[in-house]
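**Student:** My questions all concern the structure below.
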Amino acid sequence: MPTRSTEVVIAAHNLKKVYGDFVAVDSIDFKVRKGESFGLLGPNGAGKSTTMRMMSATMERSEGELMILGLDPKQDSPQIRAHLGVVPQQDNLDGELTVAENLYIYGRYFGLSRAYLKPKVEELLDFAQLQEKRNEKVEALSGGMKRRLTIARGLINQPEILMLDEPTTGLDPQARHILWDRLFRLKEEGVTLILTTHYMDEAEQLCDRIIVMDNGRIMAEGSPAALIAEYSSKEVLELRFGSNKNAESAKKLAGYGDRLEILPDRILIYCTDAELVLEKINHDGMKPLTSLVRRSSLEDVFLRLTGRTLVD
Amino acid sequence: MILNAAVDSAIAIAERRIGKPGEQVFAGRPYVMIQRAFLAFKGSSWFVVLSGFVEPVLYLASFGYGLSSLVGPMTSSGDSISYAAFIAPGLLATSAMNGAIYDSTFNVFFKMHHGKVYNAMLATSLGPLDVAMGEIGWALLRGLTYAIGFMIVVAPFGLIPSIWGLLAIPAAVLIAFGFASVGMGVTSYLKDFQQLEWINFIMLPLFLFSGTLYSTDAFPRALQIIIEALPLAQAIALVRDLTLGQVHLGTLWHILYFAVMIVGGLFFTTHRLRSLFQK
Amino acid sequence: MSSINRQVSRWTVLRAVEHRLLIQKKWFASILMFGIGNPTIYLLSIGLGIGSLVDSNTTGVDGVKYLTFLAPALLASAAIQSAMTETMFPVMAGFIWAKTFFGIRSTPISGKQMANGVWISAILQVTFTTGIYWIILWLFGAMDHKGSWLSLFTACLGGLAVGAVLLWIASVIDHDDGFLAIINRFVLMPMFLFSGTFYPLAVLPLYVRWLGWISPLWHSTELGRWVSYGHSVSGRLIVIHFLYLFLWIALGLKLAQARFEKRLAK
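Keeping their order, the protein sequence lines are chains A, B and C.
If you read the first sequence in my numbering, its first letter stands for residue 367, the second for the next number, and so on.
If you read the second sequence in my numbering, its first letter stands for residue 255, the second for the next number, and so on.
If you read the third sequence in my numbering, its first letter stands for residue 823, the second for the next number, and so on.
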């Protein structure tokens, strides 16, 4: 019998994935602990989804070591997948089946019995708030509903680890908040969550620990608060002088905060007290068109680390 | 404790196969795929699926009735038979092939690329061989239904002169199995719908030259040998042997031909599914 | 900025045709391949295989060799096949599969023009494939009479008659749900098999023969046989054949245009 580790549920060492000449994931190391929610952040093409697929035992690694729940996916991938819930980036619900059938048959794929699945499907329909739609075909659902159903489906085998690849991309704010609420409940129940996202607010809301990836490498690791403390400042002042005048105005702004970032449309001043800096700037006779005082966020960390002002 | 008894069961179910042959590709559950297909079938238009056996019947009615006055009687292994009795087994074999190819190419292609259902299945503890066998199993059930429907309509007209003809039904399933297991593997290479057209393009000459509507005796010997090696000619020969009661040692060779095709096809398809979805 | 031509005219329909042809350009090689390959295979197999059976058993069908008898029918059904591909699939794709028509709707092209666009490009496509088919028939020696070349036009006429009605039918359906299979199984295939394609319609018993009478394929085939080898038809019947096919075109187009307008206005 394979033994299950109690503390570390996933351990990667020198994990690498190569497609032809392209290195998608470049020798990364990380660990995921039981019960934590772990985020992979990065721009498109950073290697998040590839890492995710290797962790979900649906893609073979090129090099390095990977242990999931104490098992090596090279030898025991079906056994590993029995422990996991996977929510892919694109919903791949079964369009030929109804909402309830989608949940039921997915449980059958795991070999689960009808006696177990009957009440479980009801429980998950409640969880996903889809009782009313249970007999509808999947096409009849909105984007948010489909996403909730995909997540519910991933829970059918009561997984120890739930993997979510960009769970809220493309959803409207309301749908996102409903989803966050559902995910937060799972976290409270002790399910280990692993998610990729490029929404910083999502990572701040849901993740205990984050790794920031870019070009297949890990750029930084830590809790959201720790990352902000390390790579950004407490507050940020955003100023706009008009598209043509930003660069020119920036010259005069040197020295007002800890650090300046000049974006095409605005200037960011990283500082401890943004109100104070704004007062000073106004006092010194500079007249920004608009100004915004806000707390520093992971987005600032992200911009700094990946050095990209444009993330597609 | 987040693990309850049921979860342990999902894991235990998966762990049961540790150390068994093919544990990475086979979970021993192709029947859940059939269950899925049945659910999908329940929610679709039954009529469309069930009416599939009409096609060979229409062909038989048109050619068997209309053309027989023009072509006269045929001979098979020395016996003189009606034109309709000559083409009936050919049409049964051809429809078994067509059904299997349709299910394993068009249907599978659609699920692979548009629905991405296989991605979802293979993210569970199910293996690619389960998926392949399940999909093919459903295609065979459909083929079985069609073959029975065809026989029920055709037999009263005296077109199945031998009692051996009953075995034409399992033979049709065997033929469908062979084509479906190879077809699914081939589909895994296709990238767009236009390439599916190529499958039709290959099927047409297979249908037209394999001796469904006329005997291949008219062709030069070299061409005959090539045609006889093709799967549809093998299939037609097998079914014709049975419906006409001309069973001999060669009949076994046709069966062996399909047995090899099935095993090879399953191997090939599983390998392809694995490299597509799990590598 | 003002240099962009924003004119909306009746010729806007050509934009819709252009859209269709652009799509087809991508597949030109395989269209050509199928266009040549399919008839060749058909002729080699049915024409020569069954032809040799028939010719050795009879003194000819309708007074000519079997291949000569069969050729106009094959041509007519190929035209219908091509018309079906060129009307059903683009309309199903436009309304259901890829929903491209709803994207085009936000440009000045109207629903009616879109219907006409599919239709016009179908005419071009059908003429092209049928033309290739005719050449191959000719190479096989099945189109040797003086007026044989006219069968190209009668075949296209039959194809377009079916195409126009399918244009309408495809624009009516809301769900894919195996509709194509039904049309294929219960309309097109019986039409192909019971329209006097492989043997004279008169061979069939009277209670099946009506299938041929209502089928555009039979009308188109009769015209084709008349022009390509002098199959004897009365003048009155010739007029009826033509009228019947034109009626299908007029009706199909009218209904399709109305349906396109309505569906895209939603």
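Built from N, CA and C at the ideal position, the CB exists for glycine as well.
1. Decide if the stretch 571-589 of chain A is in contact with the stretch 392-409 of chain A; the criterion is three or more beta carbon pairs, one per stretch, under 8 angstroms apart.
2. Answer yes if the stretch 983-1000 of chain C comes into contact with the stretch 1067-1082 of chain C, meaning at least three C-beta pairs across the two stretches below 8 angstroms, and no otherwise.
3. Are any of the Cβ atoms in chain C nearer than 9 angstroms to that of Tyr313/B?
4. Quick one: what's Met579/A bridged to in DSSP?
5. Identify which residue in Met457/B, Leu394/B, Phe411/B and Tyr400/B has its Cα closest to the Cα of Tyr285/B.
6. Count the other CB atoms within 10 Å of the CB of Ser422/A; is the residue buried (16 or more) or exposed (fewer)?
7. Name the chain B residues whose beta carbon is nearer than 7 angstroms to that of Met1011/C?
8. For Leu626/A, name the three-state secondary structure that DSSP assigns.
9. Anyone know if the C-beta pair for Phe1082/C and Lys934/C falls short of 9 angstroms?
10. Could you give the residue range of the alpha helix (DSSP H) that holds Ile341/B?
11. In chain order, which continuous runs of the beta strand (DSSP E) of length 3 or greater are located wholly inside the stretch 915-955 of chain C?
12. Between Tyr955/C and the rest of its own chain, which residues show a CB-CB distance below 6 angstroms, the 5 nearest in sequence each way excluded?
13. Taking only three categories from DSSP, how would you classify Thr466/B?
14. Indicate the three-state DSSP secondary structure (helix, strand or coil) for Ser393/A in the structure shown.
15. In angstroms with no decimal places, state the Cα-to-Cα distance between Phe531/B and Leu486/B.
16. When you compare the CB positions of Met1011/C and Ile902/C, do they come within less than 9 angstroms of one another, or not?
17. In the DSSP output, which residue or residues are listed as bridge partners for Ala378/A?
18. Check the C-beta distance from Val427/B over to Leu398/B and give it rounded, since I have them as a contact under 8 angstroms.
19. Please tell me whether Pro894/C and Arg1031/C are closer than 9 angstroms, where the distance is taken between their beta carbons.
20. Taking CB distances under 9 angstroms as the criterion, tell me whether Ser422/A reaches chain B.
21. Tell me the DSSP secondary structure of Tyr319/B in three-state form.
22. Is there at least one Cβ from chain B nearer than 9 angstroms to Ala1003/C's Cβ?
23. Mapping DSSP to helix, strand and coil, what is Met529/A?
24. What whole-angstrom Cβ distance do Leu892/C and Phe1020/C have, given they're in contact under 8 angstroms?
25. Over what stretch of residues does the beta strand (DSSP E) that includes Met328/B continue unbroken?
26. I need the boundaries of the alpha helix (DSSP H) containing Gly1057/C, first residue and last residue.
27. Tell me which residues of the stretch 445-477 of chain B have at least one Cβ-Cβ distance to chain C shorter than 7 angstroms, keeping chain order.
28. To the nearest angstrom, report how far apart Leu477/B and Leu421/B are at their CA atoms.
29. Less than 9 angstroms between the beta carbons of Ser349/B and Pro310/B, yes or no?
30. To the nearest angstrom, report how far apart Ile516/B and Gly386/A are at their CA atoms.
31. Assign Lys887/C to one of three DSSP states: helix, strand, or coil.
32. So for Val1025/C, helix, strand or coil by DSSP?
33. Taking Val286/B as the query, report the chain A residues whose CB atoms sit under 8 angstroms from its CB, ordered along the chain.
34. For Ser379/B, go through chain A and note every residue whose CB falls closer than 8 angstroms to its CB, in chain order.
35. Can you find a CB in chain A that lies within less than 9 angstroms of the CB of Val371/B?
36. Please work out which residues of its chain come closer than 7 angstroms, Cβ to Cβ, to Asp457/A, disregarding the five sequence neighbours upstream and downstream, and give them in chain order.
**Tutor:** So, to answer that:
1. Verdict: yes, contact present.
2. In short, these stretches touch, since the Cβ pair count reaches three.
3. For Tyr313/B, the answer is yes, since a Cβ of chain C falls inside 9 angstroms of its Cβ.
4. Note: Met579/A sits in a beta bridge opposite Ile584/A.
5. With distances taken between Cα atoms, Tyr285/B lies closest to Leu394/B.
6. Burial check for Ser422/A: the Cβ neighbour count within 10 Å reaches 16 or more, so the residue is buried.
7. Correct list: Glu309 and Leu312.
8. It is a strand residue.
9. Yes, these two residues count as a Cβ contact at 9 angstroms.
10. In the DSSP annotation of this structure, the continuous segment of the alpha helix (DSSP H) that includes Ile341/B starts and ends at Tyr337 to Tyr356.
11. Fully enclosed beta strand (DSSP E) runs of 3 or longer: not present.
12. So the list reads Pro861, Leu897 and Ala900, once near-sequence residues are dropped.
13. Secondary structure of Thr466/B (DSSP, three-state): coil.
14. Here Ser393/A sits in strand by DSSP.
15. Taking the straight line from one Cα to the other gives about 31 angstroms.
16. For Met1011/C and Ile902/C, no; Cβs fall outside 9 angstroms.
17. Answer by DSSP bridge pairing, in chain order: Phe396/A and Leu432/A.
18. Contact between Val427/B and Leu398/B holds: their C-beta atoms lie close to 5 angstroms from each other, under 8 angstroms.
19. Their beta carbons are not under 9 angstroms apart, which means Pro894/C does not touch Arg1031/C by this criterion.
20. For Ser422/A, the nearest beta carbon of chain B is closer than 9 angstroms to its own beta carbon.
21. Looking at Tyr319/B - three-state DSSP - the assignment turns out to be helix.
22. Chain B, which has a Cβ nearer than 9 angstroms to the Cβ of Ala1003/C, makes this yes.
23. Here Met529/A sits in strand by DSSP.
24. Their Cβ separation, rounded to whole angstroms, is 7 angstroms, which keeps Leu892/C and Phe1020/C in contact under 8 angstroms.
25. From DSSP, the beta strand (DSSP E) with Met328/B extends over Met328 to Ser330.
26. For Gly1057/C, the uninterrupted alpha helix (DSSP H) run begins and ends at Gly1057 to Ala1087, by DSSP.
27. So the close ones are Gln448, Glu451, Phe455, Leu458, Pro459, Leu462, Phe463, Leu467, Tyr468 and Ala472.
28. Going by the C-alpha atoms only, they are around 30 angstroms apart.
29. In this structure, the beta-carbon distance from Ser349/B to Pro310/B falls below 9 angstroms.
30. Approximately 33 angstroms, taken between the alpha carbons.
31. DSSP places Lys887/C outside both helix and strand once states are collapsed to three, so it counts as coil.
32. It is helical.
33. Per Cβ cutoff of 8 angstroms: Ile471, Arg474, Tyr475 and Gly477.
34. In chain order: Pro444, Gln445, Arg447, Ala448, Tyr475, Phe476 and Gly477.
35. In terms of beta-carbon proximity, Val371/B lines the interface with chain A, with at least one pair separated by less than 9 angstroms.
36. The residues are Lys512, Arg513 and Thr516.
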